[in-house]
Amino acid sequence: MDTIEIGSAISSAPGLTKGFLKVADLPDGRPMQIPVMILRGEAPGPTLWLHGCVHGNEYCGTFIIHETLRSLSARGLKGTVVALPILNITAFEKNQRMSPYEGYNGGDLNRCFPGQADGSLTQQMAHAIYSALKKHADYLVDFHTALTEDVHWALYANLPGEVGKKSEGLGRAFGFKSTLPAPPDILAGSAMMTAAKDGVPALIVEAGGKAASFSDQVVADGAERLRNVMRHLGMLEGAVKDHGKLWYFSNFAWVTATRGGLFQRAVNCDDRIAVGTRLGSYFDLHGEPSGDALSPHEGIVLAIHPGPIMGNGETLVHIGLNPREV
Ligand SMILES: [Zn+2]
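Numbering (our numbering), first residue to last: 94 to 419.
Here is the structure:
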């Protein structure tokens, strides 16, 4: 069995190996390092690479990854799971999307892959992570969250040829009803699209809401769907669950709030909406209705602001466009 070395996690035998990968230095000179878990099966098979907290306050994915790994053992596993459950560690500590130490261009880690060894902090982090991914990964699943607990959709890299077909296979095995076959020109710099362009089939999962907006049920569901992906890849025994037809949409639109106020949503994730559908209502400080938020697009609700208060420019709704059952 060959050795897989990712930072201080060095694995050359079946079982779970833990360690840390240094991705940068902290301003005080200590290493900025992220957790690494390598679970090697007793039988050969592919290497499934998992990312959590690419955005620091999207904790649900970290918990799905931990839950999944706790449920697996070397016996019965074919191949290897490599998990980086907390990529943007300093953002994670601060309960925010991006690193507090990034001073350049906002530092969205999911727009910085494959990274740059002498770039901005976030580009350097991406470089350290992606160098390891490129060396070892056969498949990538990258976990994100959106606004509320009921968020559940996915997007796979819809590239020509085998890599696109295999990416679609990941999406169907995960089986979230709302799924975007992502064209190559969106999410440039995401780990998903960068890996796929390098030949690694890749899926982004959006499960649960940011910070604490998720439940044990969302975590358990995500872990079971991930195990279904592993059955699909031949890494685990058992029948692959067929999730049936999915709603494929063609792209998505972010709609931001152009006013503020107390806000109560009127739609849920996966609801089909038309132009003019009431998304929610505003109220003034005396509790009087002060207007409705109406949808500017037809499509499917991927995420909706939970309220109770809205500021100008906040994400009001995220809509999947042109859904069709496939
Ligand atoms: Zn995210």
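Ideal Cβ positions, reconstructed from N, Cα and C, are used throughout, including at glycine.
**OP:** Compare the Cα-Cα distances from A350 to each of G380, E407, L387 and report the closest residue.
**Re:** It is E407 whose Cα lies nearest to the Cα of A350.
**OP:** Please find out if some non-hydrogen atom of ligand 1 comes closer than 8 Å to the beta-carbon of N203.
**Re:** Indeed, a heavy atom of ligand 1 lies less than 8 Å from the Cβ.
Original post:
Taking the alpha-carbon positions, what's the Y249 to A106 distance?
Top reply: Y249 and A106 have their C-alpha atoms spaced approximately 32 Å apart.
Subject >> Candidates T140, Y152, P253: closest to K452 by CA position >> reply: Residue 452 is absent from the structure shown; the chain starts at 94 and stops at 419.
Subject >> Closest Cα partner of E391 within the set R358, V348, S383, F356 >> reply: Shortest Cα-Cα distance from E391 to any of R358, V348, S383, F356 involves V348.
Original post:
Can the beta-carbon of V234 be found closer than 9 Å to that of L114?
Top reply: Cβ distance not < 9 Å, so V234 and L114 don't count as in contact.
**OP:** Run the proximity test for V147: is its beta-carbon closer than 8 Å to any non-hydrogen atom belonging to ligand 1?
**Re:** At a threshold of 8 Å, V147 counts as near ligand 1, since its beta carbon sits closer than that to one of the ligand's heavy atoms.
**OP:** Report yes if the C-beta of H237 is less than 8 Å from at least one heavy atom of ligand 1; otherwise report no.
**Re:** For H237, the shortest C-beta to heavy atom distance toward ligand 1 is below 8 Å.
Original post:
Rounded to a whole number of angstroms, what is the C-alpha to C-alpha distance between G387 and G404?
Top reply: One detail in the question is off: residue 387 reads as Leu in this sequence, not Gly. Looking at the two C-alpha atoms, the distance is approximately 16 Å.
Original post:
What residues match up with R365 in a beta bridge as DSSP calls it?
Top reply: In the DSSP assignment, the residues bridged to R365 are I393.
Subject >> Beta carbon of N251 nearer than 9 Å to that of A284 >> reply: Not closer than 9 Å, so no.
Original post:
Could you give the C-beta distance for R324 and V312, rounded to a whole number, given that I count them as a contact under 8 Å?
Top reply: Taking a contact as a CB-CB distance under 8 Å, the pair R324 and V312 does not count as one, their CB atoms being some 19 Å apart.
Original post:
How should V116 be labelled, buried or exposed, when 16 other C-beta atoms within 10 angstroms of its C-beta is the threshold for buried?
Top reply: Buried: at least 16 other Cβ atoms inside 10 Å.
Original post:
Taking the continuous alpha helix (DSSP H) assigned at T155, which residues delimit it?
Top reply: Note, T155: alpha helix (DSSP H), 152-163.
**OP:** Note down the Cα distance separating S306 from L240, rounded to an integer number of angstroms.
**Re:** S306 and L240: Cα-Cα distance of roughly 8 Å.
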